[in-house]
Amino acid sequence: KAGVTQTPRYLIKTRGQQVTLSCSPISGHRSVSWYQQTPGQGLQFLFEYFSETQRNKGNFPGRFSGRQFSNSRSEMNVSTLELGDSALYLCASSLNGQAFYGYTFGSGTRLTVV
Amino acid sequence: DAKTTQPPSMDCAEGRAANLPCNHSTISGNEYVYWYRQIHSQGPQYIIHGLKNNETNEMASLIITEDRKSSTLILPHATLRDTAVYYCIVESTGANSKLTFGKGITLSVRP
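Protein chains in written order, with the working numbering: chain A, 147 to 260; chain B, 408 to 518.
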């Protein structure tokens with residue numbers, strides 16, 4: 147079966163711009179979680195969407211937002227980009243969001259803010 | 408915050424067993440132990456999980472102590488491709504469960 151697809155793979159943006167990242171989960175999976183990974187902070191949970199609703203949210207400013215569509219594809223948006231937003235953004239697909247059923251991660255989007 | 412502690416790094420020789428320890432002294436009765444690994448620049452990959460019994464799959468074995476306060480992930484015959492960061496995660500099974508990653512342990516497999 148197809149894995150988790152994240153697009154684009156690489157992105158370079160300028161401070162102050164906004165960016166939208168996309169994640170297509172495994173077919174049949176209804177939950178998509180987003181993580182930010184930086185060398186200093188490691189993997190940090192951003193938010194989780196299930197059936198088009200945000201069900202869980204990490205400790206990130208409101209500049210970070212997301213949504214999920216009826217086909218379970220998800221997008222995350224970062225507005226007013228800062229240099230510190232440079233990171234690898236990972237999405238994880240799961241059946242229903244419960245850790246018990248396993249998460250499958252995409253390869254990530256590498257965002258560089260200059 | 409992560410509920411587990413792992414040493415920062417370890418190494419082992421190719422072909423030998425790699426035993427990766429994890430402490431989770433505050434684990435609750437309904438919390439499982441999960442292991443994921445992340446090979447450089449890729450997304451984390453699920454390895455195995457368990458509640459209290461030892462578990463084995465095609466990738467690894469998970470040994471959980473009887474008091475459940477610690478566990479060991481065993482890669483029986485490590486290869487160079489097993490070089491990665493390994494994350495031990497404790498999490499419940501509720502609808503709001505999510506994976507909280509700590510710093511993990513960097514395993515280096517040497518030829």
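Built from N, CA and C at the ideal position, the CB exists for glycine as well.
1) Just to make sure I have the definition right: I need the residues of chain A whose C-beta is within less than 8 angstroms of the C-beta of threonine 500 (chain B). Which are they?
2) Does the beta-carbon of threonine 199 (chain A) have 16 or more other beta-carbons within 10 angstroms, so that it is buried, or is it exposed?
3) What is the rounded straight-line gap between the Cα of arginine 219 (chain A) and the Cα of serine 170 (chain A)?
4) Which residues in chain A sit within 7 angstroms of glycine 457 (chain B), going by Cβ to Cβ distance?
5) For leucine 427 (chain B), which residues in chain A fall below 7 angstroms Cβ to Cβ?
6) For glutamine 190 (chain A), which residues from the same chain have a beta carbon less than 7 angstroms from its beta carbon, with the 5 sequence-adjacent residues on both sides left out?
7) Please state the DSSP three-state secondary structure of tyrosine 441 (chain B).
8) Could one say the Cβ of leucine 241 (chain A) lies closer than 8 angstroms to chain B's Cβ atoms, at least one of them?
9) Could you check if tyrosine 195 (chain A) is buried or exposed, using at least 16 other CB atoms within 10 Å of its CB as the buried criterion?
In brief:
1) Within the second sequence, numbered from 1, the residue matching residue 500 (chain B) stands at position 93. Result: Gln244, Ala245, Phe246.
2) On the first sequence, residue 199 (chain A) is found 53 positions in, with the first residue counted as 1. Classification of threonine 199 (chain A): exposed, given that the 10 Å Cβ count is below 16.
3) In the first sequence, counting from the first residue as 1, residue 219 (chain A) sits at position 73. In the first sequence, counting from the first residue as 1, residue 170 (chain A) sits at position 24. So the alpha carbons of these two residues sit roughly 5 angstroms apart.
4) For the purposes of this step, residue 457 (chain B) is taken as residue 50 along the second sequence, with counting starting at 1. Those do not exist, as glycine 457 (chain B) stays about 11 angstroms from chain A at its closest Cβ, beyond 7 angstroms.
5) Along the second sequence, read from residue 1 onward, the residue named residue 427 (chain B) stands at position 20. Residues of chain A passing the Cβ test: none, with the nearest at roughly 17 angstroms.
6) Start at 1 with the first residue of the first sequence, and residue 190 (chain A) comes out as number 44. These residues qualify, in order along the chain: Tyr181, Gln182, Gly204.
7) Indexing the second sequence from 1 puts residue 441 (chain B) at position 34. Three-state DSSP puts tyrosine 441 (chain B) in a strand.
8) As a working note, residue 241 (chain A) is residue 95 in the first sequence. Output row for leucine 241 (chain A): interface = no.
9) Numbered from its first residue, the first sequence carries residue 195 (chain A) at position 49. Under this definition tyrosine 195 (chain A) is a buried residue.
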